[in-house]
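Take 1 as the starting number for the sequence shown in the working numbering and just add one per residue.
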Amino acid sequence: MSDGAIPSWPLPLARPPRIVVLACVRQTAGTERRRMRWRQPDGQWGLALMHGHGSIADPDGRWRRELRPGSVCATPPGTVVDLAFEPNCLQWEVRFIPIGRSGVVGLPAVVDPGPESPALERALRQAIAIAPGDPLRASAAVWHLLHEVAALGRRTDAASGTAAILDAALAALAGHPTGQPAVAWLAAQVGRSPISLGRIFREHLGVSPSQYLAMQRCARIRDLLVGTTLPLAEVAAMVGLHDLQHFNKFVRRALGAAPRRIRAQAVG
């Protein structure tokens, strides 16, 4: 089993998520040990904070990590992982659904918070305690916790040296007029080949540069359609789609409805 690079899942986090489950789960008791293959339910993300020892691994052997008290694990919808739990193992668990597609951050599949672990556990336990009476406040607490975990992942990645390259690529992307440059242009901005940049994106975000650009374009289109009254031709031009017919086809294919319908549904 490889201890290869840990993936970082792209999570839209511009707004607090909708909470599905907030709970403390006892995985093992006494001298019991447990192994399982877990598939995250469709449509739901999962985040767990360990209170015990175990391990998490990719079923295909691409990566594996030991878990200890305080370790944080994240799984996107439909993701399959192999889990092992040592005796007397608890998990503080949240399952949630992101709202919208913008504000994408990288959420590490597993990270060791070190000295920050007690603060994360207190935040998650508090969210569990207040959820029954104040679900909006609990959602905000989980939102803050997810941003903290993403920041931990970025600090851990920095040790590998490729995080700085990713940050430079994202900064170049943010400064592009349409936010939709060619991958070759983006790679040239950070002094890498498109293939090398692709490896960095997949290592940290779990998607290729082309997939990331498509996700960002879809998020920006939705934000412009819902949050402004700009003419469709201007919206199309702002995301690099200057042919209105092409824009309409792209939106229907990517977002599941025509631009006018998306805007009308938001108003209605």
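Heads up, the beta-carbon is just placed ideally off N, CA and C, and yes, glycines get one too.
- Contact annotation: Leu-107 and Ala-150 have beta-carbon atoms nearer than 8 Å.
- When Arg-137, Ile-19, Glu-32 and Val-72 are compared, the shortest CA-CA separation from Leu-49 is found for Val-72.
- Per the coordinates, the alpha-carbon of Thr-79 lies some 6 Å from the alpha-carbon of Arg-39.
- Pairing Leu-120 with Ala-163, the inter-Cα distance amounts to about 23 Å.
- Closest in C-alpha terms to Arg-260, from the list Val-105, Thr-229 and Val-239, comes Thr-229.
- In terms of CA proximity to Gln-216, Thr-178 leads the group Arg-202, Trp-185, Gly-227 and Thr-178.
- Rounded to the nearest angstrom, the Cβ distance from Ile-262 to Leu-205 is 26 Å, too far for a contact under 8 Å.
- Exclusion of the five residues before and after Glu-148 leaves Leu-120 as the residues of its chain whose Cβ lies within less than 7 Å of its Cβ.
- Its Cα nearest to that of Gln-211, the residue Val-183 stands out among Gly-100, Pro-132, Val-183 and Thr-75.
- For His-51, the enclosing beta strand (DSSP E) starts and ends at 45-51.
- Counting along the chain, the unbroken alpha helix (DSSP H) around Leu-244 starts and ends at 244-255.
- Spatial neighbours of Val-207 in its own chain (CB-CB distance under 8 Å, excluding positions within 5 residues in sequence) are listed in chain order as Pro-10, Phe-201 and Met-215.
- The beta carbon of Pro-69 lies closer than 8 Å to those of Met-50, His-51, Gly-52, His-53 and Ser-117 in the same chain, with the five residues before and after it left out.
- As for any alpha helix (DSSP H) of minimum length 4 sitting wholly inside the region 177-226, the runs are 183-189 and 194-205, ordered along the chain.
- The three-state secondary structure of Arg-261, taken from DSSP, is helix.
- In the three-state scheme derived from DSSP, where H, G and I count as helix and E and B as strand, Leu-146 is classed as helix.
- The three-state reading of DSSP puts Val-94 in strand, counting E and B together.
- Residue pairing by DSSP places Ser-55 opposite Glu-66 and Ala-84 in a beta bridge.
- Straight-line spacing of the CA atoms in Thr-28 and Arg-199 works out to 38 Å.
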